[in-house]
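Undergrad: Quick one: the structure is below, questions incoming.
Protein chains: 2
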Amino acid sequence: MARPREFDENKVLQLAVEQFWERGYEATSIRDLAQAMGLTTASIYNAFGDKRAVYRRALDFYVEQSFGDRVGRFEKRLPRDAIQAFFHEIIDRSLSDTKRKGCMLVNSALEVAPHDEEFQRVVSGVLSQVEAFFRRCIEAGQNDGSIDRRQSATDMAGTLLGTLLGIRVLARTRPEKNLLEGLIRPVFAMLEPESKQQLDQSFA
Amino acid sequence: MARPREFDENKVLQLAVEQFWERGYEATSIRDLAQAMGLTTASIYNAFGDKRAVYRRALDFYVEQSFGDRVGRFEKRLPRDAIQAFFHEIIDRSLSDTKRKGCMLVNSALEVAPHDEEFQRVVSGVLSQVEAFFRRCIEAGQNDGSIDRRQSATDMAGTLLGTLLGIRVLARTRPEKNLLEGLIRPVFAMLEPESKQQLDQSFA
DNA sequence: TACTTTTTATAACAAATGATTTAAAACGCA
DNA sequence: TGCGTTTTAAATCATTTGTTATAAAAAGTA
């Protein structure tokens, strides 16, 4: 019928992700993008539309591979394990992020979402999903007695979401192991039921 | 000796702050800046240097008026009051921030600091000062018994710093009163000494 | 093989970008 | 009043920006 594409859409999208992720939206020009993706600008416009559309697709691609199966995988664990493993993985990734790219979703939340309704919805939707994941974990833990019941699951899920975002911001200017691993200790302690807290205390 | 300035440096710096704060560094052109400051581009270059230098001065100006006396004012209160008042003020400001500008320091931490050593130092320095403020409050509270002693002051100060940054990120896409006020409740509870926690529990 | 369709490569477009030039205007000091 | 100096205004500089024509190249179908 016609000439076929020379490039693999997923491959070039991944390259677009890396470019936008590292430099952000405004600081990345179409030519930067073309070089990073190994395409001509004409091919980009033909395949995706304009610059904003490429960013839109790139963000979806990032979200898909960053939150897609991950949340589900963690949820198979014991509630408190799931939460702790989630945070430890975020911290590990932050500490090995030598380019200090942070989290592309958080970057989008600050650079593009405030001035673009559609991105606002996308970002806020993903954040709500993460919050819901935390809430499910906490509710499960409160039911089996492994998580403290004095604070509501909703409030604690919000605390975890806030802490997560805080870590991702902090890591971009101060990616220090002691700082990041230290700041989650009190958060994990907050999850512990009172009885266990007393027990720990008696051995201290 | 020579022709005097027609503008007040502090006034135009404040206008530059508002422009950069709302739109960020890359999305603000020199002409945007000139219009916002009520100056010609020539005057800007003559008075400040290049675009980066204006941003540098604007960020200093913002930090000065945002963190300058504020931290000191809070520190005059009782330790736990100081921390709680600090967070309530941040949340109030976030909820009344109709333009969703967030915190210019956090914005800088994500947009410019990762690619600019000098801004890296500035941002990380201010964050360290906030952290130190939290730590001093916590240590004072631990000494007078109003703050829990089971977690180290360093760890809890990190938690507060992370929570603060998380709130500022979250507020830019989801400035919801319930969410923000809810997420700090478990954090404040974490500060409470165990004895008090038990007491609260007995009345619940 | 010729036709149709899509992708490519190259070049170009108008507009915007950061930055500077030029010359007029405005002050202090002699 | 004139001199020296700095600020201002307007125009202009070379690049870069996002985007689009143009035409050649590459495939499937007839």
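From first to last, the protein sequence lines stand for chains A and B. Each residue of the first sequence is one higher than the last, beginning at 72 in this note's numbering. Each residue of the second sequence is one higher than the last, beginning at 72 in this note's numbering. Think of the CB as a built atom: it goes at the ideal place given N, C-alpha and C, for glycine as much as any other residue.
1. Could you work out which residue in Ile218(A), Ala184(A), Val258(A) is closest to glutamate 97(A) when comparing CA atoms only?
2. Who are the near neighbours of leucine 251(A) in its chain, counting only those whose CB is closer than 8 Å to its CB and skipping five residues on each side?
3. Would you report the Cα separation of aspartate 226(A) and leucine 232(A), rounded to the nearest angstrom?
4. Quick one, which of Val142(A), Phe138(A), Thr244(A), Arg148(A) has its alpha-carbon nearest glutamate 188(B)'s?
5. What residues in the segment 78 to 106 of chain A bring their beta carbon closer than 9 Å to a beta carbon of chain B?
6. If you drop the 5 nearest sequence neighbours on each side, which residues of the same chain put their C-beta closer than 6 Å to that of serine 195(A)?
7. Hey, alanine 107(A) and glutamine 90(A): beta-carbon distance below 7 Å or not?
8. Tell me which residues of the segment 156 to 190 of chain B have at least one Cβ-Cβ distance to chain A shorter than 7 Å, keeping chain order.
9. If you measure beta-carbon to beta-carbon, which residues of the segment 239 to 252 of chain B are closer than 7 Å to chain A?
10. For valine 194(A), return the contacting residues in chain B, with the cut-off set at a CB-CB distance below 7 Å.
11. Along chain A, in chain order, which residues have C-beta atoms closer than 8 Å to that of glutamine 200(B)?
12. If you draw a straight line from the alpha carbon of arginine 127(A) to that of arginine 94(A), how long is it in whole angstroms?
13. Since aspartate 226(A) meets chain B, which of its residues come closer than 8 Å, beta carbon to beta carbon?
14. Of all the CB atoms in chain B, is at least one closer than 7 Å to the CB of methionine 261(A)?
15. Only counting the same chain, and skipping five residues up and downstream in sequence, which positions put a Cβ closer than 6 Å to that of valine 142(B)?
16. Under 8 Å by Cβ, that's how I've got glycine 216(A) and proline 264(A) pegged, so tell me the actual separation to the nearest angstrom.
17. Applying the criterion that 16 or more other CB atoms from any shown protein chain within 10 Å of the CB defines a buried residue, is methionine 175(A) buried or exposed?
18. For threonine 111(B), which residues in the same chain have their Cβ closer than 8 Å to its Cβ, ignoring the five residues on either side in sequence?
19. Quick check: proline 70(B) and methionine 261(A), are their CB atoms within less than 7 Å of each other?
20. Excluding sequence positions up to five away, which residues of its chain have a Cβ less than 6 Å from the Cβ of histidine 186(B)?
21. Hey, how far is the Cα of tyrosine 133(A) from the Cα of aspartate 168(A)?
TA: Let me lay it out:
1. Ranked by how close their Cα comes to the Cα of glutamate 97(A), the residues Ile218(A), Ala184(A), Val258(A) have Ala184(A) in first place.
2. Same-chain partners within the cutoff: Ile162, Ser165, Leu166, Ile238, Leu241, Ala242.
3. Here the C-alpha atom of aspartate 226(A) lies approximately 10 Å from the C-alpha atom of leucine 232(A).
4. Nearest neighbour of glutamate 188(B) by Cα position, chosen from Val142(A), Phe138(A), Thr244(A), Arg148(A), turns out to be Thr244(A).
5. Correct list: Glu93, Arg94, Gly95, Tyr96, Glu97, Ala98.
6. Same-chain partners within the cutoff: there are none.
7. Alanine 107(A) is a Cβ neighbour of glutamine 90(A), given a cutoff of 7 Å.
8. Per Cβ criterion, the list reads Arg171, Gly173, Val177, Asn178, Ala180, Leu181, Glu182, Ala184, Pro185.
9. Among the residues of the segment 239 to 252 of chain B, those with a Cβ less than 7 Å away from any Cβ of chain A are Val240, Leu241, Arg243, Thr244, Arg245, Leu250, in the order of the chain.
10. Chain B residues near valine 194(A): Thr244.
11. The contacting residues do not exist; glutamine 200(B) stays about 12 Å from chain A at best.
12. Each residue's Cα considered, the two are about 15 Å apart.
13. Within chain B, the residues near aspartate 226(A) are Gly253, Leu254, Arg256, Pro257.
14. For methionine 261(A), the answer is yes, since a Cβ of chain B falls inside 7 Å of its Cβ.
15. Within the same chain, and ignoring the five residues on either side of valine 142(B) in sequence, the residues whose Cβ sits closer than 6 Å to its Cβ are Phe204.
16. Separation of the CB atoms of glycine 216(A) and proline 264(A) is rounded to 6 Å, and the pair is thereby assigned contact status at 8 Å.
17. Flag for methionine 175(A) reads buried.
18. So the qualifying residues of the chain are Ala105.
19. The shown model of chain B, from 72 to 275, leaves out residue 70(B), and the question about it has no answer.
20. So no residue of the chain qualifies.
21. In this structure, the straight-line span from the alpha carbon of tyrosine 133(A) to that of aspartate 168(A) is close to 16 Å.
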